[in-house]
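J.: Residue numbers (my numbering), protein chains in the order written: chain A, 1 to 193; chain B, 194 to 483; chain C, 484 to 849.
Virtual Cβ for every residue (Gly too), placed ideally from N, Cα, C.
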Amino acid sequence: MIEAGFENPVTEAQSTFRSIMDATARPGSPFSIAGVAGAPSSLYPSTAAIALTLLDHDAPLWIDDPADEVLNWVRFHTSAPVVTLAADAAFAIVTRPQSLPPLGSFNPGTLDYPDVSTTVIVQVETLTGGAPLTLAGPGIKGRQTLAPAPIPSGLTQQLDANRALFPRGIDLLFVSAGEVAALPRSVRVVEGG
Amino acid sequence: MNAPAYNFAYLDEQTKRMIRRAILKAIAIPGYQVPFASREMPMPYGWGTGGVQVTASILGPNDVLKVIDQGSDDTTNAVSIRKFFQRTAGVATTTHTRDATVIQTRHRIPEQALAEGQVLVFQVPIPEPLRFLEPRETETRRMHALADYSLMHLKLYEDIARHGRISTSYAYPVKVQGRYVMDPSPTPKFDNPKMNDCAALQLFGAGREKRIYAIPPYTAVVSLDFEDHPFERYRHDARCELCGADDSYLDEVITDDRGGRMFVCSDTDYCEARRATADKPHAVPQGYPA
Amino acid sequence: MYVAVKGGEQAIENAHLLLASERRGDPAIPELSLAQISEQLTLAVDRVMTEGSIYDRELAALAIRQARGDLIEAIFLLRAFRATLPRFGASEPVDTGAMAIRRRISATFKDLPGGQILGPTFDYTHRLIEPDAADAAPQVPAVVDAVEEPMPRVTDLLAADNLIERSPARDFDAPVGDLTREPLSFPAERDVRLQNLARGDEGFLLALGYSTQRGFGRTHPFAGEIRLGEVEVEFVAEDAGFAVPLGRITVTECQMINQFAGSATEPPRFTRGYGLTFGHCERKAMAMALVDRSLRARELGEDVKAPAQDEEFVLSHSDNVQATGFVEHLKLPHYVDFQAELGLVRKLRSDFERGASPDALAEAAE
Numbered sequence: 001m002i003e004a005g006f007e008n009p010v011t012e013a014q015s016t017f018r019s020i021m022d023a024t025a026r027p028g029s030p031f032s033i034a035g036v037a038g039a040p041s042s043l044y045p046s047t048a049a050i051a052l053t054l055l056d057h058d059a060p061l062w063i064d065d066p067a068d069e070v071l072n073w074v075r076f077h078t079s080a081p082v083v084t085l086a087a088d089a090a091f092a093i094v095t096r097p098q099s100l101p102p103l104g105s106f107n108p109g110t111l112d113y114p115d116v117s118t119t120v121i122v123q124v125e126t127l128t129g130g131a132p133l134t135l136a137g138p139g140i141k142g143r144q145t146l147a148p149a150p151i152p153s154g155l156t157q158q159l160d161a162n163r164a165l166f167p168r169g170i171d172l173l174f175v176s177a178g179e180v181a182a183l184p185r186s187v188r189v190v191e192g193g
Numbered sequence: 194m195n196a197p198a199y200n201f202a203y204l205d206e207q208t209k210r211m212i213r214r215a216i217l218k219a220i221a222i223p224g225y226q227v228p229f230a231s232r233e234m235p236m237p238y239g240w241g242t243g244g245v246q247v248t249a250s251i252l253g254p255n256d257v258l259k260v261i262d263q264g265s266d267d268t269t270n271a272v273s274i275r276k277f278f279q280r281t282a283g284v285a286t287t288t289h290t291r292d293a294t295v296i297q298t299r300h301r302i303p304e305q306a307l308a309e310g311q312v313l314v315f316q317v318p319i320p321e322p323l324r325f326l327e328p329r330e331t332e333t334r335r336m337h338a339l340a341d342y343s344l345m346h347l348k349l350y351e352d353i354a355r356h357g358r359i360s361t362s363y364a365y366p367v368k369v370q371g372r373y374v375m376d377p378s379p380t381p382k383f384d385n386p387k388m389n390d391c392a393a394l395q396l397f398g399a400g401r402e403k404r405i406y407a408i409p410p411y412t413a414v415v416s417l418d419f420e421d422h423p424f425e426r427y428r429h430d431a432r433c434e435l436c437g438a439d440d441s442y443l444d445e446v447i448t449d450d451r452g453g454r455m456f457v458c459s460d461t462d463y464c465e466a467r468r469a470t471a472d473k474p475h476a477v478p479q480g481y482p483a
Numbered sequence: 484m485y486v487a488v489k490g491g492e493q494a495i496e497n498a499h500l501l502l503a504s505e506r507r508g509d510p511a512i513p514e515l516s517l518a519q520i521s522e523q524l525t526l527a528v529d530r531v532m533t534e535g536s537i538y539d540r541e542l543a544a545l546a547i548r549q550a551r552g553d554l555i556e557a558i559f560l561l562r563a564f565r566a567t568l569p570r571f572g573a574s575e576p577v578d579t580g581a582m583a584i585r586r587r588i589s590a591t592f593k594d595l596p597g598g599q600i601l602g603p604t605f606d607y608t609h610r611l612i613e614p615d616a617a618d619a620a621p622q623v624p625a626v627v628d629a630v631e632e633p634m635p636r637v638t639d640l641l642a643a644d645n646l647i648e649r650s651p652a653r654d655f656d657a658p659v660g661d662l663t664r665e666p667l668s669f670p671a672e673r674d675v676r677l678q679n680l681a682r683g684d685e686g687f688l689l690a691l692g693y694s695t696q697r698g699f700g701r702t703h704p705f706a707g708e709i710r711l712g713e714v715e716v717e718f719v720a721e722d723a724g725f726a727v728p729l730g731r732i733t734v735t736e737c738q739m740i741n742q743f744a745g746s747a748t749e750p751p752r753f754t755r756g757y758g759l760t761f762g763h764c765e766r767k768a769m770a771m772a773l774v775d776r777s778l779r780a781r782e783l784g785e786d787v788k789a790p791a792q793d794e795e796f797v798l799s800h801s802d803n804v805q806a807t808g809f810v811e812h813l814k815l816p817h818y819v820d821f822q823a824e825l826g827l828v829r830k831l832r833s834d835f836e837r838g839a840s841p842d843a844l845a846e847a848a849e
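(1) Which residue marks the beginning of the beta strand (DSSP E) containing Thr760 (chain C), and which one marks its end?
(2) Pull the bridge partners of Leu61 (chain A) from the DSSP assignment, please.
(3) Does the Cβ of Ile359 (chain B) lie closer than 8 Å to at least one heavy atom of the ligand NAD?
(4) Is DSSP giving Leu568 (chain C) helix, strand or coil here?
(5) Here's the rule: buried if 16 or more other CB atoms are within 10 angstroms of the residue's CB, otherwise exposed. What is Thr470 (chain B)?
(6) Quick check on this structure: which residue in C:Val714, C:Glu717, C:Arg755 has the alpha carbon closest to the alpha carbon of Gly707 (chain C)?
(7) Under DSSP, the alpha helix (DSSP H) around Val122 (chain A) begins and ends at which residues?
(8) When you check each C-beta in the stretch 391-418 of chain B against every C-beta of chain A, which residues fall closer than 7 Å?
(9) So if I threshold CB-CB distances at 8 Å, which residues from the stretch 275-292 of chain B count as touching chain C?
(10) Does chain A have any CB closer than 9 Å to the CB of Ser231 (chain B)?
(11) Using a Cβ cut-off of 7 Å, pull out every chain A residue sitting near Val374 (chain B), in sequence order please.
(12) Counting only the same chain and skipping the five closest in sequence on each side, list residues whose C-beta sits under 8 Å from that of Ala476 (chain B).
(13) For Lys216 (chain B), return the contacting residues in chain A, with the cut-off set at a CB-CB distance below 8 Å.
(14) Please check if any C-beta of chain A sits within less than 9 Å of the C-beta of Lys387 (chain B).
(15) Answer yes or no: do Val314 (chain B) and Val369 (chain B) have a C-beta to C-beta separation smaller than 9 Å?
(16) Ser231 (chain B): which of B:Gly243, B:Ser416, B:Arg358 sits nearest, CA to CA?
(17) Tell me whether the beta-carbon of Pro423 (chain B) lies closer than 9 Å to the beta-carbon of Lys141 (chain A).
(18) Which of helix, strand or coil does DSSP assign to Met582 (chain C)?
(19) Do you know offhand how far Ile212 (chain B)'s Cα is from Gly400 (chain B)'s?
(20) How many angstroms separate the CA atom of Arg275 (chain B) from the CA atom of Thr294 (chain B)?
(21) How far does the alpha helix (DSSP H) with Glu795 (chain C) in it extend, from its first residue to its last?
(22) Ordered along the chain, which non-local residues of its own chain (more than five positions away) have a Cβ less than 8 Å from that of Arg335 (chain B)?
(23) For Val124 (chain A), tell me which candidate among A:Ala25, A:Thr145, A:Tyr113, A:Pro97 has the shortest Cα-Cα distance.
(24) Distance, Cα to Cα, Asp56 (chain A) vs Leu691 (chain C)?
(25) Taking the straight line between their C-alpha atoms, what separation do you get for Val630 (chain C) and Gly602 (chain C)?
(26) Using C-beta distances below 7 Å, list every residue in its chain close to Val774 (chain C), excluding the 5 sequence neighbours before and after it, in chain order.
(27) If I follow the unbroken alpha helix (DSSP H) through Asp262 (chain B), where does it start and stop?
(28) Sort B:His289, B:Glu309, B:Thr380, B:Lys387 by Cα distance to Tyr461 (chain B) and report the nearest one.
(29) Looking at the structure shown, is Ile512 (chain C) part of a helix, part of a strand, or coil, going by DSSP?
(30) Looking at the secondary structure, which residues open and close the alpha helix (DSSP H) in which Thr333 (chain B) lies?
(31) If you draw a straight line from the C-alpha of Ala823 (chain C) to the C-alpha of His817 (chain C), how long is it?
(32) Take Arg454 (chain B) and list the residues in its own chain whose beta-carbon comes closer than 8 Å to its own, dropping the five residues that flank it on each side.
(33) At the 9 Å Cβ level, is His346 (chain B) part of the contact set with chain C, yes or no?
(34) Where does Leu133 (chain A) sit, in a helix, a strand or coil, going by DSSP?
(35) I need the straight-line Cα distance from Ser105 (chain A) to Ala87 (chain A), nearest angstrom please.
(36) Using the Cβ count rule (16 or more neighbours within 10 Å means buried), how would you classify Leu339 (chain B)?
Shown next, in the form of C-alpha cells:
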C-alpha cells in the first residue's frame, strides 16, 4: 500500500516551498522542513516533502536509489518521469552523499537557457556538524558557514568548477532530517572543504 | 454550466509548482529572466498578472500582505489586487511596510528599508532591458548569453552626446552581481540604490512577457553609468507638503488650473507614519502654501 | 452543393433562408429586443457605432441582431447604410473640455483639478465568472450624476507651462478632410489619419499600439487623460449663419502624453497622441492615441522603421470592412485565374522534366 502524501497539500506544499525559497535566497543558512509521513525508507520525511513540493510530470527526476518502493512512491505522488541519465533530470535525489556523482554528470544548462539545469537534492546527516565551508555571494551578508556531512572528498574543487561555469551550473540543496540549506551556483566557497 | 471553484490564492497547485520552480532558478541566477508558462489571470495583462502569479505562488496563510501601486496603498489597482488576495487566500493585509511579509508593488520600492525575511514582488511590464534597443528576443537572448551589453552602453553614451546626460528617468538599467543587465521595472531611478545590498528578497514577475527574475538579499545591484557621468538619483527639489520629508520620492499634485501645484510623498505609508510621530501632524514647512 | 453551373440562384436563396433561420435560433426562445441590445450590450453598440461611423444606438442594435452578434458584419451593415445618406456638412468641433463627465482618469498625476473619477469601468473588477450576477438586481451605485462643470484637460494644464506641444490652432478656412468623399492619398494629413483611425478596426489598432509598447516604434506613452461623458454637437447651417445645437452624444477621449522631442532650435517637450470614439470605447480610444502618435513620426523628424509608424501600412489596412471583404473574397470562385495558373505550372513542370535550366524557368514564369 502506498501511504498518503501531504495531509493538507496546499498549505504544506506552500510552507515547504517557502523554506526552499528562503534557503536558496540565503545560501548556507538552514531552514526547517516539516516533513511528510509515509515516505519510502531511503528518503527522509523532509526530502519526501521537497519532492512532493517541486516534482510533477514536467520535472524529470534522477535518483541514486531506484528501488521499487521509491519509484512507486514518486510516480504515485508526483507523476514525475524517472530518468536513468542524470543529465536528463530537472531534479536529482542523492540518498548516499558519499557517492554523489560528479556534478559534471548533471545538466548545467546552456548560456542561452541556464535555467534548464539540474537541481541536486543531497540527503546528509547534518548541515552543521561537518567540516565547515565558508561561503560568499548573492544572498549572503559577508560570509556564511555551511558544514554538511557526510560529503564526498573533493567536493570543494567541484563546487569551484561549478561556480566557474556561471551563469550555467548545478544548484544544490542539502537536506537533513528536518532542515534544508542551499548552495546555488551563484555562491563561491571561499574557504574550507 | 459548471460554476467554477477556485483554489487557495486562485492558482491551481500544478501552476504554482511550475512558478515555484522558476522562482528558485531565478534566485540561483540573479538577474537572469527565467521563462515561465504564465497563465491567463482574472485581470488584464499589464495590470500586474506577473506579480500576482508570483505572489500567489509564494503566499501562505500566515503571511501578511501589503500591495502598493505608485507607492500608495490606496490607489485603485493596489486596492483591487489586495482585495483579490483577501478574497482568494484570506490572508491578513497591512499598509505598514514593516509589518508585511510579502509586498507586491508596481513602480516603487518603499522608503522604509526592508528587512530580512520580507519579500518584495515587482509587477513588470517589459522585463527585457534591451528590448527597446533590439526588439527581437532571439537577438537579446544571445546578448545576455554573451554578456554583450555594448548596445546598452552605446545608447547611454548617445544620450550623453545628445542631451548632455543619461536621459532615462525610470526603468533605469542595472547590472546584477556583475553579470546580467536587468530591468528594475518602471520604478523611478530614485529607487535604484535601494535594490543594492537589500536585506529582503526581490522577485520580479512579468505575466504577458512570461518571465520571472530575482535579486537575492545582499546582492550587488549597480546602476549603469560612466565614470565622468555617474548615476544620479532624482527627486523633486521640495519637501512633502504633508509630512515635511525631504528624503522621499514626491508626487506632483496639480491644485488648480492657474499653475498651482504641491508635492507629497508617493509612499503613503511612509508619509502617514511620519505624520503620526510628528508633534504637529499636518505641519506645513515654511515657504510652502498651506 | 457549392459548385453549380446552373441553379446558383436557387442555392443562394436557400442559403439566405437557412441564415435567417439560424439567426433566429430556436423559435421557442423569445427574440432579443433592440432595447435589450442597446441597454445590455451597450459596449457592442458603442463599437459598432464608432467603426460604423454613425451615431445611432437603435440602428446599431438592429445591425448587431441582424448580424447574429458578428460586430464586423454589423459595422458593415451600418457603413453600407451610411453610404446612402446625404451629407449636409461638417459639425463644429466638439468641445470635450466642456464635457458632462462620467469618467475621467489621469495616469500622470495622482490628483488634479476635478479629481479622478473612476466611473463605470471593468478596470478593477476581478475576472471571476459569477453565474448568479446576471439575475441579481444591481445595488444602487453611490454617485450617478455626471459632473457638469467644465474640467480642465491634463494636456491643457501641461500646455500652460509649455511642457507639452500645443494643440494645433484651428484653421477656419481649411477644409475638413473626409476620406468617405476623397480617396485616401499619401502623405495623409492628420485630420484624415485620425478619421481613418476612428473608423479603424479596434483589434488592428490595439495590436499596432501594443507593438509600439514592445519596442517596434517606441513612443514612451503616458495616459495623460481618459474621459467619458456627453458633449454637445453643433452645426452651422449656411443659411442660418449661426451654430444650431443638434443634440448630445456620448464620447470617449484619450490624450496620450508621449516622449519629448527636442532639437537645436527647440527645447524638449512632451508630444501628444489623440483618440476619440463614439460611446464608451476606451480600449479603442487608447490604441488610437498610441497609433496617432506613432504616425506623427514623419512630422516630428523620427525614423520611420516600425509598422505602426508606416502611414501607408497602417491607413491602408485599418478598415475592417475592407479587410474582411478582401480576405473573405477568397471564397469567391477564382476558376478562371486558377485554370491559367494550372496551365502554367503544368508547362513549367514539363520544361523541368526535359531538363531546362532554372533561368529559363524563371523567364517562363514571367
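T.: From the atom records:
(1) Against the third sequence, residue 760 (chain C) aligns to sequence position 277. Per DSSP, Thr760 (chain C) belongs to the beta strand (DSSP E) from 752-761.
(2) Walking along the first sequence from the start, residue 61 (chain A) turns up at place 61. DSSP lists A:Val82, A:Phe91 as partners of Leu61 (chain A).
(3) The ligand content of the structure shown is nil, which means the ligand NAD is not present either.
(4) By 1-based counting over the third sequence, the position of residue 568 (chain C) is 85. Three-state result, Leu568 (chain C): coil.
(5) Numbered from 1 along the second sequence, position 277 holds the residue referred to as residue 470 (chain B). Within a 10 Å sphere around the beta-carbon of Thr470 (chain B) sit fewer than 16 other beta-carbons, which makes this residue exposed.
(6) By one-based count along the third sequence, residue 707 (chain C) stands at place 224. Comparing Cα-Cα distances from Gly707 (chain C) to each of C:Val714, C:Glu717, C:Arg755, the minimum goes to C:Arg755.
(7) Residue numbering aside, residue 122 (chain A) sits at position 122 when the first sequence is read from its first letter. Note, Val122 (chain A): premise wrong, no alpha helix (DSSP H); beta strand (DSSP E) at 119-123.
(8) For the stretch 391-418 of chain B, which is checked against every Cβ of chain A, the residues closer than 7 Å are Leu394, Pro409, Pro410, Tyr411, Thr412.
(9) For the stretch 275-292 of chain B, which is checked against every Cβ of chain C, the residues closer than 8 Å are Lys276, Phe277, Arg280.
(10) To locate residue 231 (chain B), count along the second sequence from 1; it is residue 38. Ser231 (chain B) does not count as touching chain A.
(11) Counting from 1 along the second sequence, the entry for residue 374 (chain B) is found at position 181. Under the 7 Å cutoff, chain A gives no residues; its nearest Cβ is about 13 Å from Val374 (chain B).
(12) Counting from one through the second sequence, the residue named residue 476 (chain B) turns up at place 283. At Ala476 (chain B) the pLDDT is 46, less than 50, meaning the model places this residue with poor confidence and gives no usable figure here.
(13) Stepping through the second sequence from its first residue, residue 216 (chain B) is reached at position 23. A small correction: the amino acid at residue 216 (chain B) is Ile; Lys does not occupy that position in the sequence shown. Going along chain A in sequence order, the residues near Ile216 (chain B) (Cβ under 8 Å) are Met21.
(14) Position 194 of the second sequence holds residue 387 (chain B). By this cut-off, Lys387 (chain B) is not an interface position.
(15) Residue numbering aside, residue 314 (chain B) sits at position 121 when the second sequence is read from its first letter. Residue numbering aside, residue 369 (chain B) sits at position 176 when the second sequence is read from its first letter. No.
(16) Residue mapping note: residue 231 (chain B) aligns to position 38 of the second sequence, counting from 1. Comparing Cα-Cα distances from Ser231 (chain B) to each of B:Gly243, B:Ser416, B:Arg358, the minimum goes to B:Gly243.
(17) Against the second sequence, residue 423 (chain B) aligns to sequence position 230. Against the first sequence, residue 141 (chain A) aligns to sequence position 141. No, Cβ-Cβ distance for Pro423 (chain B) and Lys141 (chain A) is not below 9 Å.
(18) Taking the third sequence and counting its residues from 1, the one referred to as residue 582 (chain C) is at position 99. Correct three-state label for Met582 (chain C): coil.
(19) In the second sequence, residue 212 (chain B) corresponds to position 19, counting from 1. In the second sequence, residue 400 (chain B) corresponds to position 207, counting from 1. One C-alpha to the other measures close to 11 Å.
(20) Counted from its first residue, the second sequence places residue 275 (chain B) at position 82. Counted from its first residue, the second sequence places residue 294 (chain B) at position 101. In a straight line, the C-alpha of Arg275 (chain B) is about 14 Å away from that of Thr294 (chain B).
(21) In the third sequence, counting from the first residue as 1, residue 795 (chain C) sits at position 312. First-last of the alpha helix (DSSP H) with Glu795 (chain C): 794-800.
(22) In the second sequence, residue 335 (chain B) corresponds to position 142, counting from 1. Asp341.
(23) As a first step, residue 124 (chain A) is located in the first sequence; it is residue number 124 there, counting from the start. The shortest Cα separation from Val124 (chain A) among A:Ala25, A:Thr145, A:Tyr113, A:Pro97 belongs to A:Pro97.
(24) Your numbering for residue 56 (chain A) matches position 56 in the first sequence. Your numbering for residue 691 (chain C) matches position 208 in the third sequence. A direct Cα-Cα distance of roughly 39 Å separates Asp56 (chain A) from Leu691 (chain C).
(25) Within the third sequence, the letter at position 147 stands for residue 630 (chain C). Within the third sequence, the letter at position 119 stands for residue 602 (chain C). Rounded to whole angstroms, the separation of the alpha carbons of Gly602 (chain C) and Val630 (chain C) is 11 Å.
(26) By 1-based counting over the third sequence, the position of residue 774 (chain C) is 291. Here the set comprises Leu680, Leu688, Leu691, Gly692, Ala791, Val797.
(27) What you label residue 262 (chain B) is simply residue 69 of the second sequence in a count that begins at 1. Run containing Asp262 (chain B): none in the alpha helix (DSSP H); it sits in the beta strand (DSSP E), 257-262.
(28) Residue numbering aside, residue 461 (chain B) sits at position 268 when the second sequence is read from its first letter. A small fix is needed here, since residue 461 (chain B) is Thr in this sequence, not Tyr. Of the candidates B:His289, B:Glu309, B:Thr380, B:Lys387, the one whose C-alpha sits nearest the C-alpha of Thr461 (chain B) is B:His289.
(29) On the third sequence, residue 512 (chain C) is found 29 positions in, with the first residue counted as 1. Coil.
(30) As a first step, residue 333 (chain B) is located in the second sequence; it is residue number 140 there, counting from the start. Note, Thr333 (chain B): alpha helix (DSSP H), 330-338.
(31) Here the question's residue 823 (chain C) lines up with position 340 in the third sequence. Here the question's residue 817 (chain C) lines up with position 334 in the third sequence. Going by the C-alpha atoms only, they are around 10 Å apart.
(32) Here the question's residue 454 (chain B) lines up with position 261 in the second sequence. In chain order, Glu445, Val446, Ile447, Thr448 place their CB closer than 8 Å to the CB of Arg454 (chain B), counting only its own chain and leaving out the 5 sequence neighbours on each side.
(33) Here residue 346 (chain B) refers to the residue found at position 153 of the second sequence. Using a Cβ-Cβ cut-off of 9 Å, His346 (chain B) does not count as an interface residue toward chain C, since no Cβ of chain C sits closer than that to its own.
(34) Sequence index remark: in the first sequence, residue 133 (chain A) carries index 133 (1-based). In the three-state reduction of the DSSP assignment, Leu133 (chain A) falls in the strand class, which pools E and B.
(35) The residue given as residue 105 (chain A) occupies position 105 in the first sequence. The residue given as residue 87 (chain A) occupies position 87 in the first sequence. Straight-line measurement puts the Cα of Ala87 (chain A) at about 6 Å from the Cα of Ser105 (chain A).
(36) Working through the second sequence from its first residue, we reach residue 339 (chain B) at position 146. The residue in question, Leu339 (chain B), is exposed, as its Cβ has fewer than 16 Cβ neighbours within 10 Å.
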